[in-house]
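Novice: Let me begin by handing over the structure; questions about it come next.
Chains as they are written, first to last, in the numbering used here: chain A, 1192 to 1511; chain B, -8 to 499; chain C, 53 to 388.
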């Protein structure tokens, strides 16, 4: 009875933590490198392709990919603790709550090589950050907004939650770029990660501000929901849309001309470079680390001019 | 009666529109057992609430140890040593005996940690239990105790508070005959030790056994007081209802007819190694006596399909039938009026009409939708023919008295052409007047050709109402009695099995 | 019985009028139709969960069912090109089957509904994520389901089909719950399963049926949600929706102890919840306060209702004392 119950609890914990390694540990003598993400998303599928490419180039390492079940620092912490217990050689992580995870990150850094990717934890002892400069990405988006609304106008911003660093930084970049222009950001509406709510937020915005000029989606799913709601309201073409990331519907919207532009990151490079550099670092090479310990992978603007080839590339990467 | 411990003088209590008590006097001497009887609504519970300090009298005086007071507070009552053993026991099943006895008054230790001093607790509880001569220990969990044992826990709790007067409200309503005997012995012991008892019961036999004096209430008035020598059932009943009560037994008008229900080698989950065989003819009332836990209710539930039999045959008019769920039984006209009316017999929060139509709802339905107009018509008919006192048929069943609730349970079945009805403790908690009505109903059903099995732990009822008595002991029928051989002694002998003859003799 | 619903309706109207007074756009046709759409989306499942709550159970797995059935539906329709009628049918059957499993576990194996459906919540979410390898499912470039898209997300006379469908389902379920034999049995089982069993009601079948209805409605809802969001992210789709459904049912007068509730109440509960979500946006209240507004109003609503109930019960108690008095006199007279 007790045995059965504890097995059940074990199962439930595993489901909650999502701590199921994608690749089983094959050989013990091989050193293990782990790529830990923050939450399940297509974005990370592309990063995974990068780690897979790195695995081919690093036959002496065993690369594992971890996706926590929910977006929480606790779930990540559990994964890191398990990895340390297993004797991992290097971890590249996208910390959910970098400011408050310093302790566990430093614990990892004291026992293994630690990189951050996608989101940085500058207060921790991480050796290197590989990822996007979200403020710079925000600036790029802001420039697109200026291009779309040369005479200024009113804009609304949509995002999951504002307590995420990338949301704050992207917004900061946008504000820097549009500072002094006639573009005014009316408000930021959040949906807590619920896409139904995300779309309802857009619908309500279109009701409250029938003459709104621009809608901006900060997270990957926000832009498609903006696109859906605008289409349903029959307002395509009467207002401008700028977004982030490469959701299939976002790219479709750009092809249709309903969305002006999206700023995309290169998660493939996060995955690939994290693993390659982690291996180098473990082998004693420090030459690739810049003074500020940040390796910025530039973001790219996708608009009507380059959407076709970019779509093809993404589709290729997502194919199994 | 050496000296007066407690005296109530012309206590009156008026509620808006109702006079619950009108100038009641009651005295209780040290070491005296006072029987307090009266029909439901006669004012007994109001009087007890006044003694417990829960309700303040409108006028009158309460004298305790010679000190007169206009009213008691709950604290006063506890201080005066007045304790209650309630009809519905107020115990925590998830805690052990000792914890229940000292709940809220636990001996503490450990300073601010406020730990329970279990050693001291058990030390205090042990002598209480041995004084009562019980067969359980301080650390036994209450959930494993029988109802009788739980009652002893309540009495121990009263003693632990240095009670001088213990008020027992229907203490035997859920006890078996031997358990009742035991309780009466404990009462005698308490009395000898100088503890006074106010004994409230509908079971006049017991009152006769234990009371030194009986006080009778009717309609809020004290209508009589019987000294020990004058306590007889007839005298008590006369005072309670204001006239003589005829004998319980109503002889059959039509007599026994062929057919009926027969049970052959029935094995229930309660006694997987015992077989029960029994037959009830159409037109007769077969009383089924026995100790609680003898397997009577299990057998009833097996016949009704609530807890289907493991093996055995059930025959209706000689034809074997298969009963897997209650619906199978109901389809054959086999019905059960269960022991726990409030839990199993009725949906208390549903209306009278909804309760009556429930088992046969599809008969009231057109195209799967309930025809509420027909439902209401039938409900009104039943209320009239069974004399159910309810303001309207849309009144929730919970608001009615026990007797009327029981009639609703019967109304459910009577409109469905019954063949065989099991009454499990049909009059538990019902007052004398309503009891008579239920008995009359049972007889009318029998005369109409229904076979009736009446499970009862009330000796007066078993002997007074049945045409024949079957007695069960540990999952088997231990004997059958014809009317000529009816006596408490004979029933008890069979109920306790042959090994316990002596105890039965003592009781008789 | 109707008083509760009336109170809720008054509350909705008061909140609506105040919101409209502050920002008239609240009452604009566009907004009301958007609102109707949201009510339609969330109302269906609130009815399903409400029925389960009336049996005295609870259904926690609907949010995860949306994710699992949503990805299955998209997979059948887009990747397997099964054609929409069959895809829709399989999705509905899937919902019914999950409901039936819950019902059987609860009734036959006597497991607690909370545990059964909590495990469902974890299990279905996990399967959905594993099935899709954690990638968002969308319609891609699939075709051939324009009829279904119109049915599920179109509008007629500008009224969203989700809302029309909810009204139809609510009307049917109201008749079933309040007029039919099954509905009466459902209330009886919820009030006291034991007394219902002693009256010959097939309690297991009645309870299981409630879970099947909830599962089927969850199946239909998943398709509505898929067409609303146009994509299903298996890890986030439908998160917390079970709580919205429970909240709507409780607001609408369903007691978590079972045996109480009405379809009208559940629908009005959904309306209130969605009005609150909408007014947060329309009045420009910070999004972060969204949940707080909802929690506060539910708390106040249920509290007020309970106070009114208590007053009613007090009146009842007085009435019943009178009734007993009456009965006593009656029995004394009728005694043999």
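For every residue, glycine included, the Cβ atom is placed at its ideal position computed from N, Cα and C.
How far does the alpha helix (DSSP H) with residue 366 of chain B in it extend, from its first residue to its last?
Specialist: Element bounds for residue 366 of chain B: 363 to 376.
Novice: I'd like to know if residue 1419 of chain A contacts chain C, where contact means its C-beta is closer than 8 Å to some C-beta of that chain.
Specialist: Closer than 8 Å: yes.
Novice: If I follow the unbroken alpha helix (DSSP H) through residue 172 of chain B, where does it start and stop?
Specialist: Note, residue 172 of chain B: alpha helix (DSSP H), 168 to 183.
Novice: Fully enclosed by the stretch 1431 to 1468 of chain A, which alpha helix (DSSP H) runs are 4 residues long or longer?
Specialist: Qualifying alpha helix (DSSP H) stretches, in chain order: 1439 to 1447.
Novice: Can you give me the start and stop residues for the beta strand (DSSP E) that residue 1225 of chain A sits inside?
Specialist: Where residue 1225 of chain A is concerned, the enclosing beta strand (DSSP E) stretches over 1222 to 1227.
Novice: So residue 464 of chain B is in the beta strand (DSSP E); what residue range does that whole segment cover?
Specialist: Taken as a continuous stretch (DSSP letters only), the beta strand (DSSP E) holding residue 464 of chain B covers 459 to 464.
Novice: Keeping to the same chain, check which residues put their C-beta closer than 7 Å to that of residue 1343 of chain A; ignore five residues upstream and five downstream.
Specialist: Cβ neighbours of residue 1343 of chain A beyond the five flanking positions: 1372, 1373 and 1374.
Novice: Which stretch, first to last residue, makes up the beta strand (DSSP E) that contains residue 257 of chain B?
Specialist: It spans 248 to 258 - the beta strand (DSSP E) in which residue 257 of chain B sits, taken as one unbroken run.
Novice: Among B/306, B/10 and B/123, which residue has its Cα nearest to the Cα of residue 519 of chain B?
Specialist: Since the first and last residues shown for chain B are -8 and 499, residue 519 of chain B lies out of range.
Novice: Are any of the Cβ atoms in chain C nearer than 8 Å to that of residue 14 of chain B?
Specialist: For residue 14 of chain B, the answer is no, since every Cβ of chain C falls outside 8 Å of its Cβ.
Novice: Which stretch, first to last residue, makes up the alpha helix (DSSP H) that contains residue 433 of chain B?
Specialist: Element bounds for residue 433 of chain B: 423 to 438.
Novice: Using 8 Å as the limit for Cβ to Cβ distance, is residue 155 of chain C near chain B?
Specialist: Output row for residue 155 of chain C: interface = no.
Novice: In chain C, what lies closer than 8 Å to residue 1384 of chain A by C-beta?
Specialist: 288 and 291, listed in chain order.
Novice: Under a Cβ-count criterion, where at least 16 other Cβ atoms within 10 Å of its own Cβ denotes burial, should residue 153 of chain B be classed as buried or exposed?
Specialist: Classification for residue 153 of chain B: exposed.
Novice: Under the assumption that residue 328 of chain B contacts residue 414 of chain B (Cβ atoms under 8 Å), give the Cβ distance between them as a whole number of angstroms.
Specialist: That belief holds up - the Cβ atoms of residue 328 of chain B and residue 414 of chain B are roughly 5 Å apart, short of 8 Å.
Novice: Please report how far the alpha carbon of residue 497 of chain B lies from the alpha carbon of residue 219 of chain B, in whole angstroms.
Specialist: Note on residue 497 of chain B: pLDDT 35, under 50, position unreliable in the model; the coordinate value appears next. Cα to Cα, residue 497 of chain B sits roughly 21 Å from residue 219 of chain B.
Novice: Would you say residue 369 of chain B faces chain C, with C-beta separation under 8 Å as the test?
Specialist: No, residue 369 of chain B does not count as interfacial toward chain C.
Novice: Do you know how far the Cα of residue 197 of chain C is from the Cα of residue 1459 of chain A?
Specialist: So the two alpha carbons sit approximately 34 Å from each other.
Novice: Express the C-alpha separation of residue 342 of chain B and residue 372 of chain B in angstroms, rounding to a whole number.
Specialist: Approximately 15 Å between the Cα atoms of the pair.
Novice: Determine the closest residue to residue 420 of chain B out of B/331, B/125 and B/471, with distance taken between C-alpha atoms.
Specialist: Out of B/331, B/125 and B/471, B/331 has the C-alpha closest to the C-alpha of residue 420 of chain B.
Novice: For chain B, find out if any of its Cβ atoms is closer than 8 Å to the Cβ of residue 389 of chain C; answer yes or no.
Specialist: Here chain C has residues from 53 to 388 only, and residue 389 of chain C is not among them.
Novice: Counting Cβ pairs closer than 8 Å, one from the stretch 68 to 79 of chain B and one from the stretch 141 to 157 of chain B, do we hit at least three?
Specialist: With the cut-off at 8 Å, the stretch 68 to 79 of chain B and the stretch 141 to 157 of chain B touch.
Novice: Out of B/169, B/484, B/177 and B/168, point me to the one whose CA is closest to residue 144 of chain B's CA.
Specialist: Selected option, being the one with the closest Cα: B/177.
Novice: According to the neighbour-count rule (16 or more other Cβ atoms, all chains shown, within 10 Å of its Cβ), is residue 405 of chain B buried or exposed?
Specialist: So residue 405 of chain B ends up on the buried side.
Novice: With C-beta atoms as the reference, is residue 254 of chain B less than 8 Å away from residue 268 of chain B?
Specialist: Going by C-beta atoms, residue 254 of chain B is nearer than 8 Å to residue 268 of chain B.
Novice: Grab the span of the beta strand (DSSP E) containing residue 1515 of chain A for me, first residue to last.
Specialist: No statement about residue 1515 of chain A is possible, as the shown extent of chain A runs from 1192 to 1511 and does not include it.
Novice: Report all residues from its chain with a CB closer than 6 Å to the CB of residue 330 of chain C; omit the five preceding and five following residues, and keep chain order.
Specialist: Cβ neighbours of residue 330 of chain C beyond the five flanking positions: 87.
Novice: Establish whether the CB of residue 59 of chain C and some CB of chain A are separated by less than 8 Å.
Specialist: Chain A, which has no Cβ nearer than 8 Å to the Cβ of residue 59 of chain C, makes this no.
Novice: Does residue 1394 of chain A have its Cβ less than 8 Å from a Cβ in chain C?
Specialist: Chain C contact via Cβ: present.
Novice: Since residue 1440 of chain A meets chain C, which of its residues come closer than 7 Å, beta carbon to beta carbon?
Specialist: Within chain C, the residues near residue 1440 of chain A are 190, 282 and 283.
Novice: For a contact meaning CB atoms closer than 9 Å, what does residue 233 of chain C contact in chain B?
Specialist: Under the 9 Å cutoff, chain B gives 352, 353, 355, 356, 359, 360 and 361.
Novice: Please check if any C-beta of chain C sits within less than 8 Å of the C-beta of residue 456 of chain B.
Specialist: Chain C, which has no Cβ nearer than 8 Å to the Cβ of residue 456 of chain B, makes this no.
Novice: Residue 76 of chain C: which of C/335, C/189 and C/121 sits nearest, CA to CA?
Specialist: Comparing Cα-Cα distances from residue 76 of chain C to each of C/335, C/189 and C/121, the minimum goes to C/335.
Novice: List the residues of chain C that residue 215 of chain B touches, going by C-beta distances under 9 Å, in chain order.
Specialist: By Cβ distance, chain C contributes nothing, its closest Cβ being about 16 Å from residue 215 of chain B, past 9 Å.
Novice: Classify residue 1478 of chain A: buried if its beta carbon has 16 or more other beta carbons within 10 angstroms, exposed otherwise.
Specialist: Looking at its Cβ environment, which holds fewer than 16 other Cβ atoms inside 10 Å, residue 1478 of chain A is exposed.
Novice: Taking the C-alpha atoms as reference points, what is the distance between residue 334 of chain B and residue 400 of chain B?
Specialist: Their backbone Cα atoms lie some 12 Å apart in a straight line.
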